[in-house]
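A short worksheet on the structure shown next.
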Amino acid sequence: MDGYIALETGRRRTLKAAIGCVGIGLHSGRRAQLMLRPAAPGTGIVFHRTDIGLEIPASFDQVVDTRLCTALGATEAPQHRIGTVEHVMAALAGCGVDDAVIELDGPEVPILDGSAAPFVFLIDCVGLSAHGGIGAGVAEAIEVLRPVRVQEGEGANAAWAELAPGSGDRFDASLSIDFPNTAIGRQSVSLRVTPQTFRTGLADARTFTLAEDVARLRAAGLALGGSLANAVVVDGPEILNPGGLRRPDEFVRHKMLDVVGDLALAGAPIRGRFTGHRSGHALNNRLLRALFADRANWRALSGGASLDGGARMPFSAAAAAAVA
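Residue numbers (the numbering used here): 18 to 341.
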């Protein structure tokens with residue numbers, strides 16, 4: 018496939034070995050240790066908080082907060098959560114990892130440099146392995162069968178996101194943003210998301226914020242770990258980071274990186290076309306919920322063929338229930 022995730026062998030893939038890193042949480046400001054571990058076929062992506070012995074599947078229906086990040090919560094204990102999951106999810110999806118356990122010793126994924134590139138580096142350091150043997154399972158995908166759209170606001174100021182049927186096994190994406198009167202301005206990006214385009218076009222794009230919002234965010238208990246080392250800060254027409262931007266349209270590319278990470282919470286690669294304008298974490302999650310709300314919107318594919326109604330799927334219980 019040359020689609021959203023490269024699955025050259027048609028088998029599910031995991032990491033060859035465990036690897037980790039230490040950083041701080043963007044919003045909590047707390048030290049955070051992360052470990053990426055191999056997992057058995059069919060596991061999907063699972064977060065494990067080692068400090069409280071809690072596992073949370075990386076699923077769209079576990080999302081409990083979308084303020085400036087995507088946060089997952091435990092169904093049985095919603096006060097326990099894992100924040101800022103979108104960058105590591107984007108890296109795993111972009112590199113083609115189907116099964117992995119993400120261990121954390123606290124409530125937030127480390128922000129590192131504000132992009133997905135450090136997580137891609139960790140994955141590259143250990144490499145990937147295709148599951149083999151009887152019962153290992155083939156790679157699965159979600160095919161979009163008809164357009165699904167969510168919107169916030171009306172008229173020219175509306176923000177919206179849409180998934181529609183695509184071409185073959187591909188995932189094509191187009192996104193535009195509009196920040197008037199700042200160095201950001203209006204930007205757009207369109208690409209076919211493959212492992213190569215993710216690495217070269219999206220992975221190193223950093224999160225960003227407006228200088229005027231920093232004090233307000235910190236007063237609300239957010240962005241406590243933010244700095245010029247892990248975010249692009251825009252002050253009117255100026256970029257405050259000494260090194261400037263990594264590319265002129267880094268802002269919209271980071272927003273597209275977020276789309277990849279948020280849509281990875283579908284639990285399997287999406288075959289279709291994403292289009293959005295001013296979409297963020299909230300709309301991205303609403304889009305997945307709308308997609309899976311109606312079984313006529315999608316079908317599950319395995320090894321290039323449609324799964325029958327009794328087949329196991331790795332994505333959320335809500336989506337699996339819709340198959341039955």
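Cβ atoms here follow ideal geometry from the backbone N, Cα and C, with glycine treated the same way.
By the three-class DSSP mapping on this structure, what secondary structure does residue 239 have? For this step, residue 239 is matched to residue 222 along the sequence shown. In the three-state reduction of the DSSP assignment, residue 239 falls in the coil class, being assigned neither a helical nor a strand state.
Straight-line Cα distance separating residue 298 from residue 249: Within the sequence shown, numbered from 1, the residue matching residue 249 stands at position 232. Within the sequence shown, numbered from 1, the residue matching residue 298 stands at position 281. Each residue's Cα considered, the two are about 18 angstroms apart.
Run the CB neighbour count on residue 94, radius 10 Å, all protein chains shown included, and call it buried at 16 or more, exposed below. The residue labelled residue 94 in the question sits at position 77 within the sequence shown. In summary, residue 94 is exposed, with fewer than 16 beta-carbon neighbours lying within 10 Å of its beta-carbon over all protein chains present.
Between residue 50 and residue 242, what straight-line distance do the alpha-carbon atoms span, to the nearest angstrom? Indexing the sequence shown from 1 puts residue 50 at position 33. Indexing the sequence shown from 1 puts residue 242 at position 225. The alpha-carbon atoms of residue 50 and residue 242 are separated by roughly 14 angstroms.
To the nearest angstrom, how far is the alpha carbon of residue 331 from that of residue 260? For the purposes of this step, residue 331 is taken as the residue at position 314 of the sequence shown. For the purposes of this step, residue 260 is taken as the residue at position 243 of the sequence shown. Because the pLDDT at residue 331 is just 42, under 50, the model does not fix this residue reliably, and the point stays unresolved.
Three-state secondary structure assigned by DSSP to residue 212: Locating residue 212 in the sequence shown gives position 195, counting from the first residue. Under the three-state reduction of DSSP, residue 212 is assigned to helix.
Which word fits residue 269, buried or exposed, when buried means at least 16 other C-beta atoms lie within 10 angstroms of its C-beta? Numbered from its first residue, the sequence shown carries residue 269 at position 252. Classification for residue 269: buried.
Consult DSSP for residue 105 and reduce its assignment to one of helix, strand or coil. Counted from its first residue, the sequence shown places residue 105 at position 88. Helix at residue 105.
Classify residue 272: buried if its beta carbon has 16 or more other beta carbons within 10 angstroms, exposed otherwise. In the sequence shown, the residue the question calls residue 272 occupies position 255. With 16 or more other Cβ atoms within 10 Å, it is buried.
Is residue 112 helix, strand or coil by DSSP? Translated into the one-based positions of the sequence shown, residue 112 becomes position 95. Note: residue 112 maps to helix in three-state DSSP.
In chain order, what residues of the same chain have a beta carbon less than 7 angstroms from the beta carbon of residue 136, not counting five sequence neighbours either side? Here the question's residue 136 lines up with position 119 in the sequence shown. So the qualifying residues of the chain are 104, 105 and 108.
From 83, 101, 84 and 78, residue whose alpha carbon lies closest to that of residue 91: Counted from its first residue, the sequence shown places residue 91 at position 74. Restricting attention to 83, 101, 84 and 78, the CA atom closest to the CA of residue 91 is found in 78.
Under the three-state reduction of DSSP, which class applies to residue 170: helix, strand or coil? For this step, residue 170 is matched to residue 153 along the sequence shown. Coil, per DSSP.
Cβ neighbours of residue 195 in the same chain (closer than 7 angstroms, five flanking residues each side left out): Counting from 1 along the sequence shown, the entry for residue 195 is found at position 178. For residue 195, same chain residues with a beta-carbon under 7 angstroms away, outside a window of 5 residues either side, are 203 and 295 in chain order.
CA-to-CA distance, residue 116 to residue 156, given in whole angstroms: Stepping through the sequence shown from its first residue, residue 156 is reached at position 139. Stepping through the sequence shown from its first residue, residue 116 is reached at position 99. If I take the Cα positions, the gap works out to 10 angstroms.
Smallest Cα separation from residue 184: which of 160, 191, 174 and 197? As a first step, residue 184 is located in the sequence shown; it is residue number 167 there, counting from the start. It is 160 whose Cα lies nearest to the Cα of residue 184.
Is it buried or exposed, residue 287, if we count other Cβ atoms within 10 angstroms and call 16 or more buried? What you label residue 287 is simply residue 270 of the sequence shown in a count that begins at 1. With 16 or more Cβ atoms within 10 Å of its Cβ, residue 287 is classed as buried.
Helix, strand or coil: how does DSSP classify residue 179 here? Position 162 of the sequence shown, counting from 1, holds the residue named residue 179. Secondary structure at residue 179: strand, using DSSP grouped into helix, strand and coil.
Could you say if the stretch 118-132 and the stretch 59-73 meet the contact criterion of at least three C-beta pairs nearer than 8 angstroms? Yes, the stretch 118-132 is in contact with the stretch 59-73.
Near residue 252, what residues of its chain come up, given a Cβ to Cβ distance below 7 angstroms and the 5 sequence neighbours on each side ignored? The residue given as residue 252 occupies position 235 in the sequence shown. Once the five neighbours on either side are set aside, the close Cβ partners of residue 252 are 228.
Just mark residue 142 as buried or exposed, buried being the case when its beta carbon has 16 or more other beta carbons within 10 Å. Walking along the sequence shown from the start, residue 142 turns up at place 125. Residue 142 sits exposed, since fewer than 16 C-beta atoms from the chains shown fall within 10 Å of its C-beta.
Taking the continuous beta strand (DSSP E) assigned at residue 312, which residues delimit it? Position 295 of the sequence shown holds residue 312. No beta strand (DSSP E) holds residue 312; DSSP gives it neither H nor E.
Where residue 198 falls, given that 16 or more other Cβ within 10 Å makes a residue buried: What you label residue 198 is simply residue 181 of the sequence shown in a count that begins at 1. By the Cβ-count criterion, residue 198 is exposed, with fewer than 16 other Cβ atoms from all chains shown falling within 10 Å of its own Cβ.
Can you check the stretch 30-66 for any beta strand (DSSP E) of at least 3 residues that lies completely inside it and give the ranges in chain order? Fully enclosed beta strand (DSSP E) runs of 3 or longer: 30-32, 36-41, 48-55 and 62-66.
Residue 132 classed as buried or exposed, judged by whether at least 16 other C-beta atoms fall within 10 angstroms: Within the sequence shown, residue 132 is the residue found at index 115, counting from 1. Taking all protein chains in view, the Cβ of residue 132 is crowded by 16 or more other Cβ atoms within 10 Å, so the residue is classified as buried.
Bridge-paired residues (DSSP) for residue 294: As a working mapping, residue 294 is identified with position 277 in the sequence shown. According to DSSP, residue 294 bridges with 177 and 193.
Spatial distance of residue 335 from residue 48 (CA atoms): One-based indexing of the sequence shown puts residue 335 at position 318. One-based indexing of the sequence shown puts residue 48 at position 31. Per-residue confidence for residue 335 stands at a pLDDT of 44, beneath the threshold of 50, marking its modelled position as unreliable; the derived number appears in the next sentence. Cα-Cα distance, rounded: 33 angstroms.
Ends of the alpha helix (DSSP H) at residue 277? Taking the first residue of the sequence shown as position 1, residue 277 is located at position 260. Start and end: 267-280.
Does the Cβ of residue 327 have 16 or more other Cβ atoms within 10 Å, making it buried, or fewer, making it exposed? Your numbering for residue 327 matches position 310 in the sequence shown. The pLDDT assigned to residue 327 is 29, lower than 50, so where the model puts this residue is not dependable, and the model offers no usable value.
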